[in-house]
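Beneath this line is the structure, given in structure tokens, with notes to follow.
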Amino acid sequence: MSKGPSLTVRERAFIDALRGEGLTVKAIAERLGRSRGVIYSYIRDPVAYGTRSKGSVSKVLNDRLRRRLLNQASKTGCSSRMLKAAIPVDLSVRTYQRILQKCQHLKYVKRKHSPCLLPRHKVARMEYATRNVLKPPKWSRIIWSDEKKFNLDGPDGFQYYWHDLRREKHTYFTRNSGGASVMVWGGFSGRGCTQLAFLEGRQNADAYQDTLGNYLFPFGHQHYGPSFTFMQDGASIHTAASTKAFLA
Numbered sequence: 139m140s141k142g143p144s145l146t147v148r149e150r151a152f153i154d155a156l157r158g159e160g161l162t163v164k165a166i167a168e169r170l171g172r173s174r175g176v177i178y179s180y181i182r183d184p185v186a187y188g189t190r191s192k193g194s195v196s197k198v199l200n201d202r203l204r205r206r207l208l209n210q211a212s213k214t215g216c217s218s219r220m221l222k223a224a225i226p227v228d229l230s231v232r233t234y235q236r237i238l239q240k241c242q243h244l245k246y247v248k249r250k251h252s253p254c255l256l257p258r259h260k261v262a263r264m265e266y267a268t269r270n271v272l273k274p275p276k277w278s279r280i281i282w283s284d285e286k287k288f289n290l291d292g293p294d295g296f297q298y299y300w301h302d303l304r305r306e307k308h309t310y311f312t313r314n315s316g317g318a319s320v321m322v323w324g325g326f327s328g329r330g331c332t333q334l335a336f337l338e339g340r341q342n343a344d345a346y347q348d349t350l351g352n353y354l355f356p357f358g359h360q361h362y363g364p365s366f367t368f369m370q371d372g373a374s375i376h377t378a379a380s381t382k383a384f385l386a
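The following block contains the structure:
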């Protein structure tokens with residue numbers, strides 16, 4: 139609803155006179171043809187009426203600052219609250235949000251969940267797939283394994299950000315450790331599954347080797363004898379020199 143014009147000096151004097159005669163706000167509004175709200179505003183504080191600031195957004199928010207805010211959001215995808223923390227000025231979080239919403243090339247979207255693949259990873263995956271299509275191994279004789287983290291503080295997903303339509307979309311990959319979480323390790327093959335290992339604390343190469351010794355080797359030796367094929371991903375604790383020596 140649009141705001142009506144302020145009371146003129148003559149109208150204010152008229153209100154003072156009518157109030158002196160004991161008229162109600164409703165009666166004064168009808169006599170002047172003005173809203174009761176504007177009459178209330180004047181009567182509440184006649185001295186300060188018309189002197190209050192109408193807002194400082196236009197004084198604080200100039201074109202240079204607006205471009206700076208939009209550029210920061212475009213580069214980082216940060217939320218309006220994070221943007222205010224990064225570039226603090228005398229504006230409300232809601233004003234930051236309106237600035238982002240009015241920008242035609244910014245859109246609030248969900249990040250895509252994607253593995254952290256470098257070009258060399260993609261080449262290696264293609265070579266592996268091609269090689270095993272032409273000469274497939276006996277999959278049932280391979281023991282596969284992986285860790286899985288269950289976050290107690292919520293999922294890794296549901297991440298939203300301000301996406302610049304002129305840029306590539308953001309992706310994220312699941313964090314390996316940190317936060318309130320429970321991590322487990324397990325393996326499986328054509329012969330069944332290993333026992334599920336509940337991992338304690340931050341995992342390093344030594345802790346990983348203990349897990350393999352306590353859970354992988356008993357399963358492998360029971361079903362395949364002293365020699366078996368074991369598959370794992372390229373996590374740093376899996377590819378550590380001491381882990382490779384342990385599995386050799």
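Numbering (my numbering), first residue to last: 139 to 386. Cβ atoms here follow ideal geometry from the backbone N, Cα and C, with glycine treated the same way.
{"Item": "Where does Glu285 land, buried or exposed, given buried means 16+ other C-beta within 10 angstroms?", "Value": "buried"}
{"Item": "Less than 9 Å between the beta carbons of Tyr234 and Lys222, yes or no?", "Value": "yes"}
{"Item": "Classify Phe357: buried if its beta carbon has 16 or more other beta carbons within 10 angstroms, exposed otherwise.", "Value": "buried"}
{"Item": "So what does DSSP say about Ser315, is it helix, strand or coil?", "Value": "Residue placement at Ser315 is poorly supported in this model, since its pLDDT is 47, which falls under 50; the coordinates are not used for a value here."}
{"Item": "How far does the alpha helix (DSSP H) with Tyr362 in it extend, from its first residue to its last?", "Value": "355-362"}
{"Item": "Exposed or buried, Val176, counting other C-beta atoms within 10 Å across all chains shown (16 or more means buried)?", "Value": "buried"}
{"Item": "When the Cα of Gly330 is compared with those of Ser283, Gln347, Ala343, Asp302, which residue comes out closest?", "Value": "Ser283"}
{"Item": "With DSSP collapsed to three states, give me the class of Tyr129.", "Value": "Only positions 139 to 386 of the chain appear in the structure, and residue 129 is not among them; the question remains open."}
{"Item": "Could you compute how far the alpha carbon of Ile466 sits from the alpha carbon of Ala378?", "Value": "Residue 466 is absent from the structure shown; the chain starts at 139 and stops at 386."}
{"Item": "Restricting to Cα atoms, I'd like to know which of Asn342, Pro364, Thr367 is closest to His376.", "Value": "Asn342"}
{"Item": "Excluding sequence positions up to five away, which residues of its chain have a Cβ less than 8 Å from the Cβ of Phe288?", "Value": "Ser319, Val320, Met321, Val322"}
{"Item": "Which value, in whole angstroms, describes the spacing of the CA atoms of Ser380 and Tyr246?", "Value": "45 Å"}
{"Item": "By DSSP, does Leu238 sit in helix, in strand, or in coil?", "Value": "helix"}
{"Item": "Alpha helix (DSSP H) containing Ser374: first to last residue?", "Value": "374-377"}
{"Item": "State the DSSP-derived secondary structure class of Glu285, mapped to helix, strand or coil.", "Value": "strand"}
{"Item": "Would you kindly check if the distance between the Cβ of Gly325 and the Cβ of Leu354 is under 9 Å?", "Value": "yes"}
{"Item": "For Leu170 and Glu149, what's the separation of their Cα atoms in angstroms?", "Value": "8 Å"}
{"Item": "Can you name, in chain order, every residue of its own chain whose Cβ lies under 7 Å from the Cβ of Ala167, other than the five neighbours on each side?", "Value": "Ser173, Arg174, Ile177"}
{"Item": "I think Asp302 touches His243, with their Cβ atoms under 8 Å apart; what is that distance to the nearest whole Å?", "Value": "6 Å"}
{"Item": "Expressed to the nearest angstrom, what Euclidean distance is found between the alpha-carbon atoms of Gly363 and Arg305?", "Value": "54 Å"}
{"Item": "Can you have a look at Thr146 and say buried or exposed, based on whether 16 or more other CB atoms are within 10 angstroms of its CB?", "Value": "exposed"}
{"Item": "So, for Trp277: in the same chain, excluding its five sequence neighbours on each side, which residues have a beta-carbon less than 8 Å away from its beta-carbon?", "Value": "Gly328"}
{"Item": "Can you tell me which residues form a DSSP beta bridge with Ile280?", "Value": "Thr367"}
{"Item": "If we call anything under 9 Å between Cβ atoms a contact, is Ala335 one with Asn352?", "Value": "yes"}
{"Item": "Determine, for Thr268, whether the minimum Cβ-Cβ distance to residues of chain C falls below 9 Å.", "Value": "Of the protein chains in the structure, only one exists, and it is not chain C."}
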